[in-house]
Amino acid sequence: MKRLHENSPDAELMTITFEGEQLQVPAGETVLASVMAAGARYNRTSPISGSERSGYCQMGVCFECLMEIDGIPNQQACAIQVRDGMVVNRQNGKKVLANG
Ligand code: FES
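So for the sequence shown, the numbering used here puts the first residue at 21; every next one is plus one.
Shown next, in the form of structure tokens:
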């Protein structure tokens, strides 16, 4: 299990699963920041070219950070805080919401 809290040793820790790997991350951290700190080079692939993409603005504007979080696609990972037990996966290509 990777521990990603060396810069905040007093923080409450949450365990999330990213692409099958458990990460221990500080509470209050965003999903995108957590997976980037774990070394992820990208969080999704383009539905057009298949190229690897990663979050850019980290403030909810660009939508480059879309990920599948707890089985729900098209989630803005830069705007969602980690929750204990959260399961996060890269979003590959275009996804459709279940009710959309
Ligand atoms: S990184 Fe731009 S909206 Fe999330």
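Backbone N, C-alpha and C fix where the C-beta goes; we use that ideal spot for every residue, glycine too.
Alpha carbon of residue i to alpha carbon of residue j, nearest angstrom
i: threonine 37; j: cysteine 98; result: 16 Å
i: cysteine 82; j: proline 67; result: 16 Å
i: glutamate 26; j: valine 55; result: 15 Å
i: valine 45; j: valine 108; result: 13 Å
i: glutamate 88; j: tyrosine 76; result: 17 Å
i: glutamine 101; j: glutamate 39; result: 17 Å
i: serine 28; j: methionine 106; result: 20 Å
Beta carbon proximity, residue i to chain D, threshold 8 Å
i: aspartate 104; result: Of the protein chains in the structure, only one exists, and it is not chain D.
Chain-order list of residues whose beta-carbon lies under 7 Å from that of residue i (same chain, five-residue window excluded)
i: aspartate 104; result: Met34, Thr35
Terminal residues of the alpha helix (DSSP H) in which residue i lies
i: methionine 56; result: 51-57
Beta-carbon contacts of residue i that lie in its chain and below 6 Å, excluding the five residues immediately before and after
i: lysine 22; result: Leu43, Ala58
i: valine 116; result: none
Contact set for residue i: own chain, Cβ-Cβ below 8 Å, skip 5 residues either direction
i: glycine 113; result: Thr65, Ser66, Pro67, Gly70
i: arginine 73; result: Tyr62, Asn63, Arg64, Thr65, Ser66, Glu84
i: glycine 80; result: Gln96, Cys98, Ala99
Limits of the beta strand (DSSP E) - the one that residue i falls within
i: proline 46; result: 41-46
i: methionine 21; result: No beta strand (DSSP E) holds methionine 21; DSSP gives it neither H nor E.
Check: residue i C-beta below 7 Å from any heavy atom of the ligand FES
i: glutamate 84; result: yes
i: glycine 48; result: no
i: valine 51; result: no
i: alanine 60; result: no
i: alanine 99; result: yes
i: valine 81; result: yes
(request) Tell me the start and end of each unbroken beta strand (DSSP E) in the segment 64-117 that is at least 3 residues and wholly inside, in chain order. (result) 86-89, 92-96, 107-112
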